[in-house]
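If you're matching positions, the sequence shown starts at 1378 in my numbering and goes up one per residue.
Even glycine gets a Cβ: it sits at the ideal position worked out from N, Cα and C.
As structure tokens, the structure follows; a few thoughts come after it.
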Amino acid sequence: MKKLVIFNVLFCILVIFVSNYYYNSKSKKAVAYFYAENNIETNYGVDRENLIPKEINYLPGIGLFEIEVIDKDTENIYFFEVDIRDDFSLFYIKDLTDIHNENIREING
């Protein structure tokens, strides 16, 4: 009986840790996209409703997000590196749109 109780307690603790990690990763992804979206709206004058997230990647070794966003009206591509702290505040955001678009042009010829 003791083994069953210990197993259930350990299983519950494992489920809590996995759920917490999943929730934090999804929340950080959403907050990082929010910061990129605000930067596009402020610096490029694009309405938030016209933006579609193309790709959001988390780089675990570096601890930052690579965010690629498309303007659905003009089909412009915006690319950002966003780093946020554990309390979801912005550490820095780097606009790499020009470099990203130049690399795409070189690859496509």
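To which residues of the same chain is residue i closer than 6 Å at the C-beta, ignoring the five residues directly before and after it?
i: residue 1456; result: 1445, 1473, 1474 and 1477
Rounded to the nearest angstrom, how far is the Cβ of residue i from that of residue j, given a contact under 8 Å?
i: residue 1427; j: residue 1450; result: 5 Å
i: residue 1459; j: residue 1412; result: 5 Å
i: residue 1410; j: residue 1430; result: 6 Å
i: residue 1408; j: residue 1465; result: 5 Å
If you check the beta carbons only, do residue i and residue j fall under 9 Å apart?
i: residue 1442; j: residue 1417; result: no
i: residue 1432; j: residue 1425; result: no
i: residue 1423; j: residue 1453; result: yes
Express the C-alpha separation of residue j and residue i in angstroms, rounding to a whole number.
i: residue 1440; j: residue 1386; result: 32 Å
i: residue 1406; j: residue 1393; result: 20 Å
i: residue 1485; j: residue 1447; result: 18 Å
i: residue 1403; j: residue 1438; result: 18 Å
i: residue 1390; j: residue 1379; result: 17 Å
i: residue 1483; j: residue 1470; result: 25 Å
Drop a sphere of 10 angstroms on the beta-carbon of residue i, count the other beta-carbons inside from all chains shown, and report buried for 16 or more, exposed for fewer.
i: residue 1395; result: exposed
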